[in-house]
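A.B. asks: Just add 2 to the spot in the sequence shown (first one is 1) and you have this note's numbering. Just so it is clear, CB atoms sit at the ideal spot from N, CA and C, and this is done for glycine as well. Quantities reported herein were computed from a predicted structural model and do not represent experimental measurements.
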Amino acid sequence: MSSQESRIDLILKPSAALSESLSQQGAPFTLLIMESVAPAPYFQPAGIQEGRDGGDLQANLCAEIIGECKGTILRTSGDALIAVFRETAFAVRAAAKIQRRLSHISQFLPEEERVELRIGIHAGGSRRARSDVSTAISVAARIAKGSGPAQILISSSTLAESVLDKDLRSNWIGKLLEEGNARPEDLFEIIWTDSSAYRELRSQVTASFAQGKLVCPGTEVSDLFESTATKAAEDEGRETASLDLSLAPWPVTLPQRYEVLQELGRGGMGVVYKAHDRETGEILAVKVLKPDIAGDPAGMERFKNELRLARRVTHKNVCRIYEFNRAGGAAFITMELIDGITLHDFVRQRGRLTAEEGVPIARQICAALREAHHQGIIHRDLKPSNIMIDRDGNAKIMDFGIARSLDASVTVTGMVLGTPAYMAPEQAEGRSVDARTDIYLLGLILYEIFTGTVAFSGDTPFLIALKQMREFPPTPRQIDPNLPTYLDNVVMRCLQKDASLRFPSVDELEAALVIEPPSAETGGRKVQVEGS
3 MSSQESRIDL
13 ILKPSAALSE
23 SLSQQGAPFT
33 LLIMESVAPA
43 PYFQPAGIQE
53 GRDGGDLQAN
63 LCAEIIGECK
73 GTILRTSGDA
83 LIAVFRETAF
93 AVRAAAKIQR
103 RLSHISQFLP
113 EEERVELRIG
123 IHAGGSRRAR
133 SDVSTAISVA
143 ARIAKGSGPA
153 QILISSSTLA
163 ESVLDKDLRS
173 NWIGKLLEEG
183 NARPEDLFEI
193 IWTDSSAYRE
203 LRSQVTASFA
213 QGKLVCPGTE
223 VSDLFESTAT
233 KAAEDEGRET
243 ASLDLSLAPW
253 PVTLPQRYEV
263 LQELGRGGMG
273 VVYKAHDRET
283 GEILAVKVLK
293 PDIAGDPAGM
303 ERFKNELRLA
313 RRVTHKNVCR
323 IYEFNRAGGA
333 AFITMELIDG
343 ITLHDFVRQR
353 GRLTAEEGVP
363 IARQICAALR
373 EAHHQGIIHR
383 DLKPSNIMID
393 RDGNAKIMDF
403 GIARSLDASV
413 TVTGMVLGTP
423 AYMAPEQAEG
433 RSVDARTDIY
443 LLGLILYEIF
453 TGTVAFSGDT
463 PFLIALKQMR
473 EFPPTPRQID
483 PNLPTYLDNV
493 VMRCLQKDAS
503 LRFPSVDELE
513 AALVIEPPSA
523 ETGGRKVQVE
533 GS
């Protein structure tokens, strides 16, 4: 057991005042205690208030969910929080929603910045005597200190008094050892996502915890439990160990048919090379999947979808995909090589575009999306670096690798993919997406085209994602007063947090882009790639 005092211990002091506060309630109550297991503080010592740093924002994320679930925060201290609920089921629901939300946001953060919380819940019953209240607090604290990163542990009384939501399951994991007057408690783990995702998550955070990458001072899990789950843990370990992740070296050597000329760029799924096809004589692009994705069945499916879905979208403003292949353990696709630069680099070179320059690009993107949406496909990862501008000024959308059918359900158990600066609120929160998600992403692109800057920025990806969920940027006309008012309105309608307030389709968005033809006074620079 660590000799370092847990932050949970600190939050309980002075214990008399906390016991008095709870004993006055009289009615049955349930305690929820959570603690971060990363070095940075998430909760402010003086309570949760709106603020500009990460701690305030992350704490408010938890506070909002606790409030939605009819809970009350009693106390915060640095990295720990204690809340009380009148309804036990609401406490469990709040814990699951918090873990899901943070898990989705953490997926696009570097490992050292990921948000991990451990949560313990105990239903103390109707406790009028201060001694009984103190016991309930002690049990809740010991459960919280025993939980691991991204884990929710609940007592047997919590399970008995709660009807779990249909998307939650419980699993008995051990018994809390007696301490003082506290009676032994059976402990249950709440499975708050699908089994395979939860198993992977728990193995990852357990490994990080063991390696010291996550900080969690105080009681060790092994000090608290008489667990009989050893066999299950060993079985899980054997299953994980049996995965063959040994693939070809990275970067991989392609078949002799392709002569690699140069590396063009690296992205979330792999590396793109410029190559010469010796059989056809063509110069094309070859996208090679990263080894960790090629060795992952889910990643492999996304990669195959890039070919299957993109081939259904045949349009002059969409990058053509040729074929999928594997060689020596590597997976790759060949695609059209576009002679030009990304929209990101285009705007960086030229600065913000006038209406006359930007509207044609916007309409071409709309045309490509219209074809995709008519095929039942959404892109989900639209951003300036995924759009090429060729030497004739034509826009071409690339990378349908994470596109999904419009009728595919993307739920809170799905994986969030994307870049925080180009992510819709529903993606950041792990909610379902549809064609209006692409419209929000296009709004972010239009904002950058007409202002020369991103709509949302922040010190960390986490903060940017939170802004996508909560804030509105300055309007484009606040940055460039010369921009026509109608374009200002178009962009801001695309960026509505509520998807029902956005344009319902790209057809209506494109129609709005040409309501007021740009004035000749905007300058009339020809949209042309530098060097052409």
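Can you tell me which of S38, L503, A370 and T421 puts its alpha carbon nearest to the alpha carbon of Q153?
C.D. replies: Among S38, L503, A370 and T421, the Cα nearest to that of Q153 belongs to S38.
A.B. asks: Within this structure, are the beta carbons of V141 and H124 separated by less than 8 Å?
C.D. replies: It is a contact, given that the beta carbons lie within the stated cut-off.
A.B. asks: Look up V315 in the DSSP assignment and say whether it is helix, strand or coil.
C.D. replies: Three-state DSSP puts V315 in coil, outside helix and strand.
A.B. asks: Let me know the secondary structure DSSP gives H346 once reduced to three states.
C.D. replies: In the structure shown, H346 sits in a helix (DSSP, three-state: H, G or I).
A.B. asks: Can you tell me the Cβ-Cβ gap for I100 and L119, rounded? I've got them flagged as a contact below 8 Å.
C.D. replies: Their Cβ separation, rounded to whole angstroms, is 7 Å, which keeps I100 and L119 in contact under 8 Å.
A.B. asks: Kindly indicate the opening and closing residues of the beta strand (DSSP E) around T439.
C.D. replies: Counting along the chain, T439 falls outside any beta strand (DSSP E), though it belongs to the alpha helix (DSSP H) covering A437 to T453.
A.B. asks: Which residue's Cα is closest to the Cα of L515: A369, P483 and Q351?
C.D. replies: Considering only alpha carbons, the answer is A369.
A.B. asks: Since Q264 sits in a beta bridge, which residues does DSSP pair it with?
C.D. replies: In the DSSP output, where bridge partners are listed per residue, Q264 has K276.
A.B. asks: Take R54 and list the residues in its own chain whose beta-carbon comes closer than 8 Å to its own, dropping the five residues that flank it on each side.
C.D. replies: In this predicted model, R54 has a pLDDT of only 30, less than 50, meaning its place in the structure is not dependable enough to derive any value.
A.B. asks: So, is E359 buried or exposed, given that buried needs 16 or more other C-beta atoms within 10 angstroms?
C.D. replies: When all chains shown are included, E359 counts as buried.
A.B. asks: Contact check, L256 vs A277 under 8 Å by CB: the rounded distance?
C.D. replies: With a Cβ gap of about 7 Å, L256 and A277 count as contacting.
A.B. asks: For the alpha helix (DSSP H) that contains F87, what are its first and last residues?
C.D. replies: Run containing F87: none in the alpha helix (DSSP H); it sits in the beta strand (DSSP E), A82 to F87.
A.B. asks: Given that a residue counts as buried once 16 or more other Cβ atoms are within 10 Å of its Cβ, and exposed if not, what is D167?
C.D. replies: D167 should be labelled exposed.
A.B. asks: Distance, Cα to Cα, I487 vs R479?
C.D. replies: Per the sequence presented here, residue 487 reads as Thr, with Ile not at that position. Cα-Cα distance, rounded: 7 Å.
A.B. asks: Based on DSSP bridge pairs, tell me the residues matched to T421.
C.D. replies: Its beta-bridge partners are Y424.
A.B. asks: Would you kindly report the start and end of the unbroken beta strand (DSSP E) that includes D294?
C.D. replies: Careful: D294 lies outside any beta strand (DSSP E), inside the alpha helix (DSSP H) at P293 to A296.
A.B. asks: Does the Cβ of I90 have 16 or more other Cβ atoms within 10 Å, making it buried, or fewer, making it exposed?
C.D. replies: The sequence shown places Thr at residue 90, not Ile. Per the 10 Å Cβ criterion, buried.
A.B. asks: Quick check on DSSP: helix, strand or coil for N396?
C.D. replies: The answer is coil: DSSP assigns N396 none of H, G, I, E or B.
A.B. asks: Determine which residues share a DSSP beta bridge with N327 and list them.
C.D. replies: Its beta-bridge partners are F334.
A.B. asks: Would you check if the distance between the CB atom of K385 and the CB atom of T421 is smaller than 8 Å?
C.D. replies: Yes, these two residues count as a Cβ contact at 8 Å.
A.B. asks: Use the C-beta contact count for L485: other C-beta atoms within 10 angstroms, 16 or more gives buried, fewer gives exposed.
C.D. replies: Answer is buried; the Cβ neighbour count reaches 16.
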